[in-house]
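Novice: What follows is a structure written as structure tokens; I'll ask about it next.
Protein chains: 2
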Amino acid sequence: MALTVTDDWSMKNTNLPKRPTEAELAILNILWQRGPCTVRDVHDEMSTRGRIGYTTILKLLQIMHEKGIVLRDESERAHVYRPKRTQEQTRGQLVRDLVNRAFDGSASQLMMSLLGTGKVASPAELASIRQMLDEVDDGGAQP
Amino acid sequence: MALTVTDDWSMKNTNLPKRPTEAELAILNILWQRGPCTVRDVHDEMSTRGRIGYTTILKLLQIMHEKGIVLRDESERAHVYRPKRTQEQTRGQLVRDLVNRAFDGSASQLMMSLLGTGKVASPAELASIRQMLDEVDDGGAQP
DNA sequence: GCCATTCTACTAAACTCGTCGTAGTATTGG
DNA sequence: CCAATACTACGACGAGTTTAGTAGAATGGC
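Protein sequence lines correspond, in order, to chains A and B. The numbering of the first sequence is the numbering used here, which starts it at 1 and goes up by one. The numbering of the second sequence is the numbering used here, which starts it at 1001 and goes up by one.
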């Protein structure tokens, strides 16, 4: 794809993780929240949000397994799936990706956009952000 | 799609904007940066980043026009394209989308992830963020 | 006037994503 | 033991995305 925005890599990118698709992320969210799940577990959870076929979830999880997004325990008849990467890792990846694709690599511009939506106006959120900022600033000067 | 995370719609969602695809966003970035462009303008800019066909860009822009993502001035032979929505609007949309899809609707959690990447450690960026935070906090109490 | 260039439109191939049906195999309840 | 049930694997399909080739119209240089 000639349109990608030049992630600075150094050849042989065979093992770098691709970002999950929409449906994959929805499944990962359930896996992170509920821990290792069978197809049925995931499907039950999904079903509370809307109509979705069992085999659809099955197929998605099989594909995610092929891609290496999830790990599979096949020791029991009902295979048990769990995420390969942590939620934090994946979130970081998604954020980095968005910063590169839409914010010219500038994290602070993303912040600005975030604050500009008015969706973050809650005082609790602001306080939380300030605290994080302080922590980063304090311990940020790495030895 | 039963897997979408329940955008709260109220019927007749015909006019809500969908988020641009990867290639569309790349083109929009050029349009925002350079102002209204012909297909050739966009293609020339794209060509500096990699090999890409002229008609590929043409087709993309035609599709984007059909979708209403860009506006087209056909008064000259070489049609001139410009974004329909501002960069800020689109950025806000993308950020909101990511917050909902991957951060459980919590903007502050996105902040945390952003600060955790280490990519934002630049003092200048931190200062910039602090300032933004102050401004939001100050004028945040809407009349 | 004519030929090369430039532009748009049309067509379509290759690929991904999301969806699900069907088939086959293993487990289990009566 | 056998029928119902539950599970995985496989295949397929429709929609959307990205890519590009080709046709045909408009323009311009000489």
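Glycine included, every Cβ here is placed at the ideal spot set by N, Cα and C. Model, not experiment: these values are computed from the prediction.
#1: What is the rounded straight-line gap between the Cα of B/R1040 and the Cα of A/Q109?
#2: Can you give me the Cβ contacts of B/L1212 inside the same chain, cut-off strictly under 8 Å, excluding the 5 residues immediately before and after it?
#3: As a quick exercise: from A/L126, A/D44 and A/G105, pick the residue whose alpha carbon is nearest that of A/T55.
#4: Excluding five sequence neighbours on each side, which residues of the same chain lie with their C-beta closer than 6 Å to the C-beta of A/A107?
#5: B/E1024: buried (16+ other C-beta within 10 angstroms of its C-beta) or exposed?
#6: Would you mind reading off the limits of the alpha helix (DSSP H) that contains A/D73?
#7: Suppose contacts are defined by Cβ-Cβ distances below 8 Å. Is A/L94 in contact with B/A1127 by that definition?
#8: Under 8 Å between C-beta atoms, does A/V136 make it to chain B?
#9: Classify B/P1123 as helix, strand or coil using the three-state DSSP reduction.
#10: At a CB distance below 7 Å, what residues from the segment 89 to 108 of chain A approach chain B? Give them in sequence order.
#11: Applying the 10 Å Cβ sphere with the 16-neighbour rule, what's the burial state of B/T1090?
#12: Where DSSP assigns a beta bridge to A/Y81, which residues make up the other side?
#13: Name, please, each residue of chain A whose Cβ falls closer than 9 Å to the Cβ of B/E1125.
#14: Please state if the CB of A/K84 and the CB of A/I69 are separated by a distance shorter than 8 Å.
#15: Rounding to the nearest angstrom, what Cα-Cα distance links A/I27 and A/Q131 in this structure?
#16: So, is B/G1092 buried or exposed, given that buried needs 16 or more other C-beta atoms within 10 angstroms?
#17: Nearest to B/G1105 by alpha carbon, out of A/E125, A/Y81 and A/T86?
#18: Against chain B, with Cβ distances strictly below 8 Å, would A/S128 count as a contact?
#19: Would a check of beta-carbon distances place A/P143 closer than 8 Å to chain B?
#20: Return the chain-ordered list of same chain residues with a C-beta closer than 6 Å to the C-beta of B/I1030, the five sequence neighbours on each side being excluded.
#21: Closest to A/L16 by CA distance: which of A/M112, A/S113 and A/K67 is it?
#22: Output yes if chain A places a C-beta closer than 8 Å to the C-beta of B/M1132; else output no.
Specialist: The short version:
#1: Spanning the alpha carbons of B/R1040 and A/Q109 requires a straight line of approximately 29 Å.
#2: Any answer about residue 1212 of chain B is impossible in this case: the structure gives chain B only from 1001 up to 1143.
#3: Relative to the Cα of A/T55, the nearest Cα in the group A/L126, A/D44 and A/G105 belongs to A/D44.
#4: The beta carbon of A/A107 is closer than 6 Å to those of V99 in its chain, skipping five residues each way along the sequence.
#5: When all chains shown are included, B/E1024 counts as buried.
#6: First-last for A/D73: V70 to D73, but that is the beta strand (DSSP E), not the alpha helix (DSSP H).
#7: Taking 8 Å as the Cβ cut-off, A/L94 and B/A1127 do not qualify as a contacting pair.
#8: Closer than 8 Å: yes.
#9: Three-state result, B/P1123: helix.
#10: Within the segment 89 to 108 of chain A, those residues whose Cβ lies closer than 7 Å to any Cβ of chain B are, in chain order, R91, G92, L94, V95, R96, L98, R101, A102, F103, A107 and S108.
#11: If you draw a 10 Å sphere on the C-beta of B/T1090, you find 16 or more other C-beta atoms in it, and that means buried.
#12: Answer is A/C37 and A/R72.
#13: The answer, in chain order, is S106, A107, S108 and M111.
#14: In this structure, A/K84 lies closer than 8 Å to A/I69 by Cβ.
#15: C-alpha separation (whole angstroms): 31 Å.
#16: B/G1092 is buried by the Cβ-count criterion.
#17: With respect to the C-alpha of B/G1105, the residue from A/E125, A/Y81 and A/T86 having the closest C-alpha is A/E125.
#18: Flagged as an interface residue toward chain B: A/S128, by a C-beta distance shorter than 8 Å.
#19: With a pLDDT of 45 at A/P143, under the threshold of 50, the modelled position of that residue is not reliable, and the figure given next carries that caveat. Output row for A/P143: interface = no.
#20: So the qualifying residues of the chain are V1042 and E1045.
#21: A/K67 is the residue among A/M112, A/S113 and A/K67 whose C-alpha sits nearest the C-alpha of A/L16.
#22: The beta carbon of B/M1132 sits closer than 8 Å to some beta carbon of chain A.
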